[in-house]
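K.L.:
So the sequences go chain by chain: A and B.
For what it's worth, this note's numbering labels the leading residue of the first sequence as 3, then goes sequentially.
For what it's worth, this note's numbering labels the leading residue of the second sequence as 18, then goes sequentially.
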Amino acid sequence: MHIVCCLKQVPDTADVKIDSQTNTLIREGVESIMNPYDLVAVETAVRLKEKHECLISAVCMGPAQAESILRQALSLGVDKGILLSDRAFAGADTLATSYTLAQAVSMLDRQHQVDLIICGKQAIDGDTAQTGPGLATRLGFALLTYITGLESFKPSQRKIIVRRKVEEGQEVLEVNLPALITVELDLARPRRASLPGLMKSLRRKIEVWDKNAIEADAEQLGIKGSPTWVRRIGVPSPRAGGPTFNAAEGLQDAVDRSLDILFQDFFTADEPGVAEGEEHGKKFQGN
Amino acid sequence: MTESCEVAIVGAGPAGISAACILADQGVETVVLERGEFPGSKNISGGVLYGHDLAGIIPDFARQDCPIERNIVESRVWYASDEGGFSLAYRDAIFKEERRLNVFTVGRARFDRWFARQAEKKGALVVCGTLATDLLRNKAGRLGGVRTDRELGDLKARVILLADGINSPLAAKTGFRPDPAPEHVALAVKEIIELPEEIISERFNVSDEDGVSIEILGSVTRGMNGVGALYTNKKSLSLVIGGNLRDFAELKLKPYELIEEFKAHPMVASLIKDGVPREYMAHWLPEGGYEHVPRLFGDGYLIAGDSGMLFNALHREGSNMAMVSGKLAAETILQALKKDDFSEESLSIYQEKLKESFVLKDLKKYRRFPGFLRKHREIFTDLPLSLSMAARDMLTVDGVDKKTKQSRSWKMIKSKTPLLRLARLLFNAWRSVK
């Protein structure tokens with residue numbers, strides 16, 4: 003049994019700030035972390051390993067510093083970490099990224115047949131949720147997105163039963179392996195590494211694969227292989243605060259006037275709401 | 018499957034990392050345990066470091082991308098009253114070229130991370146996000162490792178270096194050293210105030226690489242035995258103020274009010290004008306002085322840095338004493354490894370090394386200083402105010418003759434601080450630092 007987890011290093015969006023002049027992300031001083039959904043993917047794989055005999059590989063495409071999240075995966079019980087790092091990979095959109103990952107998984111498959119790929123449902127920086135499905139499509143794996151539960155795992159029958167979140171409820175599906183699942187946060191609560199796990203991961207060397215190692219077609223990599231164009235990134239302007247009434251100058255008056263405004267807004271909610279929406283819509287055009 | 022190593026170090030601050038660098042460089046299997054998410058995430062100081070002592074660990078630090086903020090070329094001391102104060106400054110071109118990086122400023126989050134990276138490059142293992150919760154003892158009661166808060170968290174070691182800072186839950190739990198009394202600890206609060214690089218250079222009259230340090234005594238600590246400071250970073254200023262913990266309690270002062278008043282002081286306000294506060298932090302400083310340095314070694318362990326009260330309050334030297342004590346502890350451990358003897362007696366050479374170094378020499382020289390400040394509270398109350406009033410009077414041109422001014426200034430000073438008290442203050446001051 004061979005499970006591959008696909009990981010991404012992302013800026014910790016809990017403290018992301020936008021430069022209001024250039025409308026770009028201020029990366030300086032922002033910590034990089036493993037995409038939280040990917041951490042759930044790792045946890046899911048490690049839990050499977052505790053019950054079934056399997057090998058877990060983790061792949062991550064990114065610059066040299068992304069090594070730290072592979073190390074984190076190793077500390078939690080992943081057997082092997084591979085960093086896909088090459089200048090040619092830079093500037094990739096989800097199409098080029100899924101190509102690069104697919105090439106890497108094919109290489110891993112040659113070493114040891116891959117049965118299950120686990121991805122986070124999306125990355126918290128781009129929020130596209132496209133890379134996992136793209137990878138499944140390229141490899142011809144069954145695709146199951148938004149997984150909230152692993153009902154059963156039957157390696158001998160090469161089957162997996164999963165619970166999936168859909169708009170109006172949940173689906174429980176049985177699928178043949180090989181499959182790719184993308185996971186939700188509520189699937190599993192990530193553990194904290196044990197001391198031996200953590201120390202072992204710090205001692206390990208992380209394997210780095212470049213474009214030759216994955217036998218990639220250079221035309222499909224990085225910015226060359228990315229048809230997506232980001233024309234502009236917009237930031238919604240902060241909402242102006244409402245009026246203030248000083249209760250010290252007359253409590254009853256302040257309450258009455260506040261209520262007047264609340265009711266006025268309530269009965270005419272359509273008009274200002276739409277106007278505001280349009281304004282934001284314009285700002286986001288071309289995004 | 019318990020993990021083991023030769024040397025376990027608790028704390029990835031300047032003391033722990035200095036020791037780790039020396040040990041790992043000699044091929045000793047060294048593990049540093051750090052409770053913060055990364056080295057420096059929980060470490061706080063004024064932000065001034067000394068090149069000489071850092072070079073003792075990393076000789077070519079300036080060429081190793083050490084994240085230096087500004088090279089200090091001018092040191093100022095202020096004696097401040099409520100509305101003004103005296104200023105003494107010394108600038109020297111030698112600190113710009115020949116003795117560059119004699120003193121410099123750093124941001125601890127970046128510096129400590131860089132410093133730990135140097136230890137890792139030499140082969141030390143820095144294990145972060147891991148809290149040391151207890152010390153492991155063998156049947157004979159001898160220390161044999163550290164327990165951490167992780168699963169399977171025991172780490173066996175032949176010797177342990179406790180470099181875990183002044184506020185140590187491990188010390189509180191195991192009693193390897195006494196918890197410090199409130200009067201032997203200062204509480205300092207610090208703000209990082211962001212300003213454009215060129216504004217800082219202009220306000221302090223320096224080039225973009227160089228900077229100024231200011232130590233501020235007087236009524237700014239609201240009568241507490243304490244000190245304020247202002248240091249220039251590349252694109253920010255570090256503003257620090259602190260006082261004795263017992264004084265804080267007795268005078269019922271709130272640290273955040275103290276720093277707000279400090280920021281509003283006319284001499285400070287103009288320097289931080291239009292700055293944006295980016296970080297706020299607080300920390301304990303070990304200010305017990307020589308008399309309250311605990312025993313720094315025992316069977317199977319050594320103590321270095323703040324945890325051992327190795328701090329010179331008068332000269333704002335803490336990080337460098339941590340580095341030097343960490344280095345001396347590592348040298349002691351290397352000798353003990355050769356002898357394969359980690360008994361109290363074998364490790365006692367650490368104390369000898371510290372006595373021969375400036376660390377204990379300086380602390381001994383200033384051993385009366387903490388007591389002096391406690392005894393002469395007027396340094397922080399009446400004295401700065403009356404001296405300022407006198408200066409104000411002398412500098413006001415109002416047609417009054419100088420002799421009259423002098424005599425009324427004297428009278429005013431003497432009415433606040435009697436002559437005998439003043440004489441005793443000067444004598445005690447001289448005695449406490451001689």
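Cβ atoms here follow ideal geometry from the backbone N, Cα and C, with glycine treated the same way.
Because the structure is a prediction, the values reported are computed rather than measured.
Please report the Cβ distance between ILE120(A) and VAL107(A), rounded to the nearest whole angstrom; I am assuming they are in contact, meaning their Cβ atoms lie under 8 angstroms.
P.N.:
Not a contact, Cβ separation roughly 12 angstroms.
K.L.:
At a Cβ threshold of 7 angstroms, is ALA167(B) touching chain A?
P.N.:
It should be pointed out that residue 167(B) corresponds to Arg in this sequence rather than to Ala. At least one chain A Cβ lies under 7 angstroms of ARG167(B).
K.L.:
Suppose the cutoff is 6 angstroms on Cβ atoms and the five residues either side in sequence are ignored; what does the same chain contact list for PHE103(B) look like?
P.N.:
Once the five neighbours on either side are set aside, the close Cβ partners of PHE103(B) are TYR96.
K.L.:
Roughly how many angstroms separate the alpha carbons of HIS453(B) and MET411(B), rounded to a whole number?
P.N.:
No statement about residue 453(B) is possible, as the shown extent of chain B runs from 18 to 451 and does not include it.
K.L.:
Consider the Cβ of MET36(A): report whether some Cβ of chain B lies at a distance smaller than 7 angstroms.
P.N.:
Cβ-Cβ to chain B under 7 angstroms: no for MET36(A).
K.L.:
Closest Cβ-Cβ distance between GLU296(B) and chain A: below 7 angstroms?
P.N.:
Not closer than 7 angstroms to any Cβ of chain A, the Cβ of GLU296(B) fails to qualify, so no.
K.L.:
What residues from the stretch 190-211 of chain A come within 9 angstroms of chain B, judged by C-beta to C-beta, listed N to C?
P.N.:
Going along the stretch 190-211 of chain A in chain order, one finds ARG193, ARG194, ALA195, SER196, LEU197, PRO198, GLY199, LEU200, MET201, LYS202, LEU204 and ARG205 with a Cβ nearer than 9 angstroms to chain B.
K.L.:
List in chain order: all unbroken beta strand (DSSP E) runs of 3+ residues lying wholly within the stretch 42-107 of chain A.
P.N.:
Those beta strand (DSSP E) runs which fall completely within the stretch 42-107 of chain A and span 3+ residues are 57-63 and 82-86.
K.L.:
Give me the chain A residues within the contact set of LEU172(B), using Cβ-Cβ distance strictly less than 7 angstroms, ordered along the chain.
P.N.:
Residues of chain A passing the Cβ test: LEU197.
K.L.:
In whole angstroms, what separates the C-alpha of ALA25(B) from that of PRO272(B)?
P.N.:
Near 36 angstroms, if we compare the C-alpha coordinates of PRO272(B) and ALA25(B).
K.L.:
Please report the residue range of the beta strand (DSSP E) in which ALA205(B) lies.
P.N.:
Taken as a continuous stretch (DSSP letters only), the beta strand (DSSP E) holding ALA205(B) covers 202-211.
K.L.:
Going by beta-carbon coordinates alone, are CYS56(A) and MET3(A) separated by less than 7 angstroms?
P.N.:
A contact, by the Cβ cut-off of 7 angstroms.
K.L.:
For PRO311(B), does the three-state DSSP call read helix, strand or coil?
P.N.:
PRO311(B) falls in the coil class under three-state DSSP.
K.L.:
Return the first residue and the last residue of the alpha helix (DSSP H) that GLN423(B) is part of.
P.N.:
First-last of the alpha helix (DSSP H) with GLN423(B): 419-433.
K.L.:
Please tell me whether PRO192(A) and LEU41(A) are closer than 7 angstroms, where the distance is taken between their beta carbons.
P.N.:
Contact flag set, yes.
K.L.:
Hey, would you say PRO195(B) sits closer than 7 angstroms to LEU262(B), going by beta carbons?
P.N.:
In this structure, LEU262(B) does not lie closer than 7 angstroms to PRO195(B) by Cβ.
K.L.:
Going by Cα to Cα distance, which pick from GLY240(B), TRP447(B) and ALA286(B) is closest to LYS382(B)?
P.N.:
If we check each option's Cα against that of LYS382(B), TRP447(B) comes out closest.
K.L.:
7 angstroms is my cut-off, CB to CB: does GLU20(B) come that close to chain A?
P.N.:
With 7 angstroms as the cut-off, GLU20(B) counts as an interface residue toward chain A.
K.L.:
Tell me the rounded alpha-carbon separation between GLU20(B) and GLN11(A).
P.N.:
Rounded to whole angstroms, GLU20(B) to GLN11(A) spans 29 angstroms at the Cα level.
K.L.:
How about the stretch 242-262 of chain B and the stretch 58-68 of chain B: do they share at least three Cβ pairs that are nearer than 8 angstroms?
P.N.:
Because the criterion of three Cβ pairs below 8 angstroms is met, the stretch 242-262 of chain B and the stretch 58-68 of chain B touch.
K.L.:
For the stretch 174-254 of chain A, list the beta strand (DSSP E) runs that are entirely contained and at least 3 residues long, ordered along the chain.
P.N.:
Those beta strand (DSSP E) runs which fall completely within the stretch 174-254 of chain A and span 3+ residues are 181-185 and 209-211.
K.L.:
Can you round the beta-carbon distance between ILE74(B) and MET340(B) to whole angstroms, since I take them to be within the 8 angstroms contact cut?
P.N.:
Contact flag correct, Cβ pair sits at about 6 angstroms.
K.L.:
Please decide whether LEU142(B) counts as near chain A, where near means a Cβ-Cβ distance under 7 angstroms.
P.N.:
Yes, because at least one Cβ of chain A sits closer than 7 angstroms to the Cβ of LEU142(B).
K.L.:
Let's test the definition: count the other Cβ atoms within 10 Å of the Cβ of PRO303(B) and tell me whether it reaches 16, buried, or not, exposed.
P.N.:
Buried, because 16 or more other Cβ atoms sit within 10 Å of the Cβ of PRO303(B).
K.L.:
Under a three-way DSSP split, which group does LEU331(B) fall into?
P.N.:
Three-state result, LEU331(B): coil.
K.L.:
Do VAL32(A) and ILE58(A) have their beta-carbon atoms positioned less than 7 angstroms apart in this structure?
P.N.:
No, the pair does not count as a contact, with Cβ atoms beyond the cut-off.
K.L.:
What residues from the stretch 130-155 of chain B come within 9 angstroms of chain A, judged by C-beta to C-beta, listed N to C?
P.N.:
From the stretch 130-155 of chain B, only GLU137, LEU142, VAL143, VAL144, CYS145, GLY146 and THR147 have a Cβ closer than 9 angstroms to chain A.
K.L.:
In angstroms with no decimal places, state the Cα-to-Cα distance between LEU5(B) and GLY53(B).
P.N.:
With chain B covering only 18 through 451, there is no way to say anything about residue 5(B).
K.L.:
Compare the beta carbon distance of VAL185(A) and VAL6(A) with 7 angstroms and say whether it is the shorter of the two.
P.N.:
For VAL185(A) and VAL6(A), no; Cβs fall outside 7 angstroms.
K.L.:
ASP188(A) to PRO180(A), Cα distance in whole Å?
P.N.:
Near 23 angstroms, if we compare the C-alpha coordinates of PRO180(A) and ASP188(A).
K.L.:
With 16 as the cutoff for other CB atoms within 10 Å, does ASN37(A) come out buried or exposed?
P.N.:
Its Cβ being crowded by 16 or more others within 10 Å, ASN37(A) is buried.
K.L.:
Would you mind reading off the limits of the alpha helix (DSSP H) that contains LEU436(B)?
P.N.:
Run containing LEU436(B): 436-450, per the alpha helix (DSSP H) assignment.
K.L.:
To the nearest angstrom, how far is the alpha carbon of GLY122(A) from that of LEU9(A)?
P.N.:
Each residue's alpha carbon lies about 8 angstroms from the other.
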